Structures are given as C-alpha cells and as structure tokens.
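Notes to accompany the following structure.
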Amino acid sequence: MSTRKPYVRPMTGWWLKNPVYIRYILRESTAVFVGIYAVILLIGLIRLSSGEAAWNGWIDAMRSPGAILFHCVALGAAVYHAITWFAVAPKVMPPLYFKGEKVPVEKLVTAQYILAGVIYLVLLGLILWS
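This is how it looks when you write it as structure tokens:
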C-alpha cells in the first residue's frame, strides 16, 4: 500500500493565468476606489457640519493634486465597472422574450447604454438649469 500526499494546488497569482479572471479581479477591485471615495464624501459631510472653517479646509484638500488624481482614478474605476457590468448583466438575467422571440444580448446592452445616457442627460439638465 502506498501513501500518497494530498495534492496542494499553488494559489499565488492564480488569476494571472486567465484573461477572464484578470478582468474579473480588475472589475471587483474597483470597489476599493468607490469605498475610499465614499469615505472621503462622508468626511466632507462631517466637515460641513463642523463649520465653515472645517468645510473650507476640506475643500482646499480636495483641490490638491493628489486628491484630483485620486478622483480621476476613481472616476475611471467607476466607468470601467459600469461598462463591464452592462456587458455582464444580460448574461446573468433570465432570457427576455419580446413577441415570442428571445431578445439578443447585444440589444439589451445597447438599451442599457441608451437608458443610462438619457438618465445622465436629464440629471445634467436638472443641474444646469436649476
């Protein structure tokens, strides 16, 4: 009788071997930037409630090159997450039928982009004409 050692699969860098896993990890890591951005906004809210001097200090901090760079990176991460989410959403939802025919995934993705664009334009209009 032989004694075999159990196979232990190496886990370091497992996601680097498959492009699908790389895109998945990148998409999920965007949550880190969104979380940090949420904390920054909460700090701004706390500063706003602390008085004018605290608020002005927070605004000055947000005008620093590091803060502007972080906001650009966070925006890029959010846009990447939205694009990949729009692409994956129709694949995980139940099939949608219209007049007895299955709606193609491409049409669902296009409809999501159009709907998001309309919503963004309406919000932009509300902001600009308020």
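With my numbering, the residue at position 124 of the sequence shown is 127, and numbering never jumps.
Note that CB positions come from ideal geometry on N, CA and C, so glycine has one too.
A quick note: this is a predicted structure, and the numbers were derived from the prediction, not measured.
Where does residue i fall in DSSP's three states?
i       : result
Lys-110 : helix
Lys-105 : strand
Please report how far the alpha carbon of residue i lies from the alpha carbon of residue j, in whole angstroms.
i      : j       : result
Asp-63 : Lys-105 : 53 Å
Met-96 : Tyr-27  : 18 Å
Gly-79 : Tyr-100 : 34 Å
Ile-71 : Trp-58  : 17 Å
Val-23 : Val-108 : 19 Å
Val-37 : Ala-81  : 7 Å
If you drop the 5 nearest sequence neighbours on each side, which residues of the same chain put their C-beta closer than 6 Å to that of residue i?
i      : result
Ala-41 : none
Leu-44 : none
Tell me where the alpha helix (DSSP H) around residue i begins and ends.
i      : result
Met-65 : 55-65
Trp-88 : 68-95
Below 7 Å CB to CB, which residues in the same chain sit around residue i once its five sequence neighbours on both sides are set aside?
i      : result
Ala-90 : Val-112
- Item | In chain order, each alpha helix (DSSP H) run of at least 4 residues that lies wholly inside the stretch 5-30 | Listed in chain order, nothing qualifies, since the stretch 5-30 has no complete alpha helix (DSSP H) run of 4 or more residues.
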